[in-house]
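**Student:** Final position of the sequence shown in my numbering is 523; the numbers increase by one with none missing.
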Amino acid sequence: MAPSPYAVSEDLLHRFDKPGPRYTSYPTAVEFGDDVDIDAYRSKLKEADDLGSNPLSLYAHLPFCEHRCLFCGCNVVITPHTEIADEYLGYIKREVDAVATLLPNRRHVAQMQWGGGTPTYYRAEQIKELFDHLASYFIFDEGAEISIEVDPRVTTMDQLDTMVQLGFNRLSMGVQDFTPHVQELISRNQTFEQTRRLVEHARSIGFAEGINLDLIYGLPGQQLDTFDASLSRVLELRPDRVAVYSFAFVPWIKGHQRKMDSEVLPSPDLKVALYLQAMERFLGAGYEPIGMDHFALPTDELARAAAARKLHRNFMGYTVKPAADMVAFGVSGIGDVCGGYFQNVKKLSTYYAALDAGTLPTERGYLLDNDDLIRRTVITQLMCNCYIAKQDIAEQFGIDFDEYFDSSLQQLGEARDAELVNLSDDAITVTDRGRLFVRNICMAFDRYREGKEDSSPMFSQTV
61 MAPSPYAVSE
71 DLLHRFDKPG
81 PRYTSYPTAV
91 EFGDDVDIDA
101 YRSKLKEADD
111 LGSNPLSLYA
121 HLPFCEHRCL
131 FCGCNVVITP
141 HTEIADEYLG
151 YIKREVDAVA
161 TLLPNRRHVA
171 QMQWGGGTPT
181 YYRAEQIKEL
191 FDHLASYFIF
201 DEGAEISIEV
211 DPRVTTMDQL
221 DTMVQLGFNR
231 LSMGVQDFTP
241 HVQELISRNQ
251 TFEQTRRLVE
261 HARSIGFAEG
271 INLDLIYGLP
281 GQQLDTFDAS
291 LSRVLELRPD
301 RVAVYSFAFV
311 PWIKGHQRKM
321 DSEVLPSPDL
331 KVALYLQAME
341 RFLGAGYEPI
351 GMDHFALPTD
361 ELARAAAARK
371 LHRNFMGYTV
381 KPAADMVAFG
391 VSGIGDVCGG
401 YFQNVKKLST
411 YYAALDAGTL
421 PTERGYLLDN
431 DDLIRRTVIT
441 QLMCNCYIAK
451 QDIAEQFGID
461 FDEYFDSSLQ
471 QLGEARDAEL
481 VNLSDDAITV
491 TDRGRLFVRN
501 ICMAFDRYRE
511 GKEDSSPMFS
521 QTV
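If you want it as structure tokens, here you go:
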């Protein structure tokens, strides 16, 4: 039997598995500063409004959960006291009011996502209340993707029914791993039956854009045989899209991760083997690879866009419905508006105080210069389509690609020699094996990386 094109040797792993950004954005959030303030955000919103009918993307962060999962890296608020979440609903509506007032001519929306936390912490009538408030300002274009993240352990059929009636059309569910032992170690007990019932009901009522399931490899206690059993259960459900994320073990950032026993984390070799096992299972079941860690059925629009090298990415993930600007609401939400990133405060009390004072809750951000825009385009193309057409970048930005990126291309020599990337006169192409190391390849184009590798830990391992 021919060796798998995705196979990774121990030597390759040793050379390339090192801390690096996930490139959810470029520059990454590490570069954000408090010198980019509310006035800067207002100015960029004015620029965005001047673009008129160009569609927006919207994101709403609903941070509440009843219980903390130990693997979680999100900004969450753990509380059984629902009145705290009720208060938050009033405040996020006030932020919507304030931002929408600054966008009187820019109201069309191509994509909206609610994340968390657990958005279904809220009752069905509260979900409707917030959706209706957003819809009182913004117009969802025909074909807009309206998605929501849910936790199968707490989401009810009534909530799903309400969402579909409102217009939600894509559902994303966390699974992580169905193995009871692993679930015990990460403090997330979720049965296959809970997940199956929710998936089947969502399909029956018409989440037309599809259903996504999220898995994580590298969790404590994972083994090849038990993870393979979890993969089989996921394939029984036949989701439209699957994400297989690398577990980011960053206890220096997320203190609750210290509660996990690091002694039972998979070794680097086992962690890679878990990912390759998932890749082989999904490819063998007819899914197409999307970027580094996603898979989609051939009928899914992500797969079609990836095949045409037209896939895009924003703070909400991979998308085929790009909008020039993304506006975020809620604590810790990050917007991307007219060449600027703007992040809200992370504490509820500070968020409330800002809105009570009649101002926006923006805490920090970053304004991209022309070099940032060029490098962001290159990194985004690599992360999404594993391919760079040099002439396209040259024409878009008026540069000589090889001259502009001479240093970056030299840095890619080791990856080229390891057959992770092909370099030609016309293009840069990530190989099948290189998909696992695409973050490393992107790092060659990151001008901010210098000096960070030897500093205190900032990023998770690339693999």
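Where is the CB? At the ideal position from N, CA and C, for every residue including glycine.
1. Just mark Ser-292 as buried or exposed, buried being the case when its beta carbon has 16 or more other beta carbons within 10 Å.
2. Val-210 and Thr-178 - do their beta-carbons sit closer together than 9 Å?
3. May I have the straight-line CA-CA distance separating Gly-270 from Gly-351, to the nearest angstrom?
4. Helix, strand or coil for Gln-441? Go by DSSP, reduced to three states.
5. Just confirm the distance between the C-beta atoms of Gly-494 and Ile-501, as a whole number of angstroms; I'd bet it's less than 8 Å.
6. At the level of alpha carbons, what is the spacing between Leu-231 and Val-380?
7. Taking DSSP as the reference, what is the three-state secondary structure of Cys-125?
8. Suppose only complete runs of 3+ residues qualify. What are the beta strand (DSSP E) ranges in the segment 398-434, listed by chain order?
9. Alpha carbon to alpha carbon, how far is Ala-384 from Asp-109? Give it in angstroms, no decimals.
10. Could you spell out where the alpha helix (DSSP H) holding Asn-500 opens and where it closes?
11. Once you ignore the five residues that flank Ala-345 on each side, which residues in its own chain have a CB closer than 7 Å to its CB?
12. Determine the contact status of Val-310 and Phe-519, defining contact as a CB-CB distance below 9 Å.
13. Quick check: what's the CA-CA separation for Phe-342 versus Phe-355?
14. So, helix, strand or coil for Phe-76, using DSSP?
15. On the premise that Gln-250 lies in contact with Pro-212, defined as a C-beta separation below 8 Å, what is that separation, rounded to the nearest angstrom?
16. Reducing DSSP to helix, strand and coil, say where Val-523 ends up.
17. Determine the burial state of Lys-450: buried for a count of at least 16 other Cβ atoms within 10 Å of its Cβ, exposed for fewer.
18. I'd like the span of the beta strand (DSSP E) that includes Asp-489, first residue to last.
19. CA-CA distance, Tyr-412 and Arg-364?
20. Tell me whether Pro-358 is buried or exposed, calling it buried when 16 or more other Cβ atoms sit within 10 Å of its Cβ.
21. Hey, Thr-239 and Thr-286 are a contact pair by Cβ (cut 8 Å); roughly how many whole angstroms apart?
22. Where does the unbroken beta strand (DSSP E) through His-261 begin, and where does it stop?
23. Quick one, which of Phe-461, Ala-184, Asp-274 has its alpha-carbon nearest Asp-221's?
24. Would you call Asp-353 buried or exposed, if buried means 16 or more other Cβ atoms sit within 10 Å of its Cβ?
25. Count the other CB atoms within 10 Å of the CB of Lys-370; is the residue buried (16 or more) or exposed (fewer)?
**Tutor:** Quick answer:
1. Residue mapping note: residue 292 aligns to position 232 of the sequence shown, counting from 1. Classification of Ser-292: exposed, given that the 10 Å Cβ count is below 16.
2. Translated into the one-based positions of the sequence shown, residue 178 becomes position 118. Translated into the one-based positions of the sequence shown, residue 210 becomes position 150. Using a Cβ distance threshold of 9 Å, Thr-178 and Val-210 count as a contacting pair.
3. Here residue 270 refers to the residue found at position 210 when the sequence shown is read from its first residue. Here residue 351 refers to the residue found at position 291 when the sequence shown is read from its first residue. Note on geometry: alpha-carbon atoms of Gly-270 and Gly-351 lie some 19 Å from one another.
4. Looking up residue 441 in the sequence shown gives position 381. Note: Gln-441 maps to helix in three-state DSSP.
5. Counting from one through the sequence shown, the residue named residue 494 turns up at place 434. Counting from one through the sequence shown, the residue named residue 501 turns up at place 441. 6 Å between Cβ atoms; contact.
6. As a first step, residue 231 must be located in the sequence shown, where it is residue number 171. As a first step, residue 380 must be located in the sequence shown, where it is residue number 320. Leu-231 and Val-380: Cα-Cα distance of roughly 16 Å.
7. In the sequence shown, counting from the first residue as 1, residue 125 sits at position 65. In this structure, Cys-125 counts as strand in the three-state DSSP scheme.
8. 400-404, 422-427
9. Within the sequence shown, residue 109 is the residue found at index 49, counting from 1. Within the sequence shown, residue 384 is the residue found at index 324, counting from 1. Going by the C-alpha atoms only, they are around 11 Å apart.
10. To locate residue 500, count along the sequence shown from 1; it is residue 440. Unbroken alpha helix (DSSP H) run through Asn-500: 498-503.
11. In the sequence shown, the residue the question calls residue 345 occupies position 285. The residues are Leu-295.
12. Against the sequence shown, residue 310 aligns to sequence position 250. Against the sequence shown, residue 519 aligns to sequence position 459. Cβ distance < 9 Å, so Val-310 and Phe-519 count as in contact.
13. Here residue 342 refers to the residue found at position 282 of the sequence shown. Here residue 355 refers to the residue found at position 295 of the sequence shown. Spanning the two alpha carbons is a distance of roughly 7 Å.
14. Position 16 of the sequence shown, counted from the start, is the residue given in the question as residue 76. Helix.
15. Working through the sequence shown from its first residue, we reach residue 212 at position 152. Working through the sequence shown from its first residue, we reach residue 250 at position 190. Right, their Cβ atoms sit about 6 Å apart.
16. For the purposes of this step, residue 523 is identified with residue 463 of the sequence shown, where counting begins at 1. Three-state result, Val-523: coil.
17. If you number the sequence shown from 1, residue 450 lands on position 390. When all chains shown are included, Lys-450 counts as buried.
18. Taking the sequence shown and counting its residues from 1, the one referred to as residue 489 is at position 429. For the sequence presented, residue 489 should be read as Thr rather than Asp. Taken as a continuous stretch (DSSP letters only), the beta strand (DSSP E) holding Thr-489 covers 487-490.
19. The residue labelled residue 412 in the question sits at position 352 within the sequence shown. The residue labelled residue 364 in the question sits at position 304 within the sequence shown. One C-alpha to the other measures close to 43 Å.
20. To locate residue 358, count along the sequence shown from 1; it is residue 298. Pro-358 comes out exposed.
21. Locating residue 239 in the sequence shown gives position 179, where the first residue counts as 1. Locating residue 286 in the sequence shown gives position 226, where the first residue counts as 1. Indeed, because the Cβ distance is near 4 Å, the residues count as touching under 8 Å.
22. The residue labelled residue 261 in the question sits at position 201 within the sequence shown. Segment 252-265 is the alpha helix (DSSP H) holding His-261; no beta strand (DSSP E) there.
23. Translated into positions along the sequence shown, residue 221 becomes position 161. For the residues Phe-461, Ala-184, Asp-274, the minimum Cα distance to Asp-221 belongs to Ala-184.
24. Along the sequence shown, read from residue 1 onward, the residue named residue 353 stands at position 293. Classification for Asp-353: buried.
25. Here the question's residue 370 lines up with position 310 in the sequence shown. By the 10 Å Cβ count, Lys-370 comes out exposed.
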